[in-house]
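Going by the numbering used here, the first residue of the sequence shown is number 26, and it counts up by one from there.
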Amino acid sequence: LIVWVGLSISYASKDIGLVLVAAHVLLAYAVSGIAKAFDPTWRSGAALSGLLSTVAHGSKIAAHAAQRPGVALVATWCVILFEITGPMMAMVSPEYGLAFVATAVVFHLCSAILMGLNNFLWAFAAALPSVLWASSRFA
Numbered sequence: 026l027i028v029w030v031g032l033s034i035s036y037a038s039k040d041i042g043l044v045l046v047a048a049h050v051l052l053a054y055a056v057s058g059i060a061k062a063f064d065p066t067w068r069s070g071a072a073l074s075g076l077l078s079t080v081a082h083g084s085k086i087a088a089h090a091a092q093r094p095g096v097a098l099v100a101t102w103c104v105i106l107f108e109i110t111g112p113m114m115a116m117v118s119p120e121y122g123l124a125f126v127a128t129a130v131v132f133h134l135c136s137a138i139l140m141g142l143n144n145f146l147w148a149f150a151a152a153l154p155s156v157l158w159a160s161s162r163f164a
């Protein structure tokens with residue numbers, strides 16, 4: 026909506042709209058990663074293991090895998106590192122921006138399959154092209 030309104034006003038407005046959407050997306054990942062990094066339950070892998078074991082957001086396959094020693098810990102730290110470093114790397118170069126977007130799509134696809142978080146896949150997939158645009162424009 027922001028970009029559509031911006032297109033009807035001027036190209037400068039479109040650019041501002043895309044920057045705002047990209048900033049929002051990158052900030053969403055970074056804040057989530059930082060919050061997880063400060064939480065001892067997430068740092069230990071227990072939060073992911075517990076989350077995957079719930080009825081609302083779990084699956085038997087994912088819960089079983091997360092109960093194996095080290096699997097939840099490694100998966101958790103992969104998510105934390107992706108969420109913290111990904112937004113910064115996306116603005117280094119267009120190639121890193123593309124790598125960030127591709128990783129984000131795979132991350133949300135896995136979340137949709139393993140946890141039933143289907144809305145996140147579509148919401149972030151719709152906003153991720155703004156990150157590609159910003160990466161090619163400002164990196």
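Think of the CB as a built atom: it goes at the ideal place given N, C-alpha and C, for glycine as much as any other residue.
Proximity below 8 Å, CB of residue i to CB of residue j
i	j	result
Val46	Ser161	no
Phe107	Phe132	yes
Ala151	Phe145	no
Val117	Leu153	no
Ala90	Val96	yes
Where residue i falls, given that 16 or more other Cβ within 10 Å makes a residue buried
i	result
Lys85	exposed
Gly58	buried
Trp67	buried
Ser69	exposed
Val246	This structure cannot settle anything about residue 246, because the visible part of the chain is limited to 26 through 164.
Val158	It is worth fixing the name first, because residue 158 is Trp in this sequence and not Val. Buried, by the Cβ-count rule.
Residue from the options with nearest C-alpha to residue i
i	options	result
Ala124	Cys135, Leu134, Pro112	Pro112
Leu1	Leu142, Glu120, Leu157	This structure gives no information on residue 1, because the portion of the chain shown stretches from 26 to 164.
Val104	Ala37, Val130, Val80	Val130
Asp64	Ala148, Cys135, Thr101, Ala90	Thr101
Thr110	Ile41, Ser38, Val44, Leu52	Leu52
Tyr54	Glu120, Trp158, Met114, Pro119	Met114
Min CB distance residue i to chain D below 8 Å
i	result
Leu45	In the structure shown, chain D does not exist; there is a single protein chain.
Length-filtered (4 minimum) alpha helix (DSSP H) runs lying within the region 72-99 = 85-92
For the region 45-76, which segments carrying the alpha helix (DSSP H) assignment without a break, of at least 4 residues, lie completely within its bounds, in sequence order?
-> 65-68
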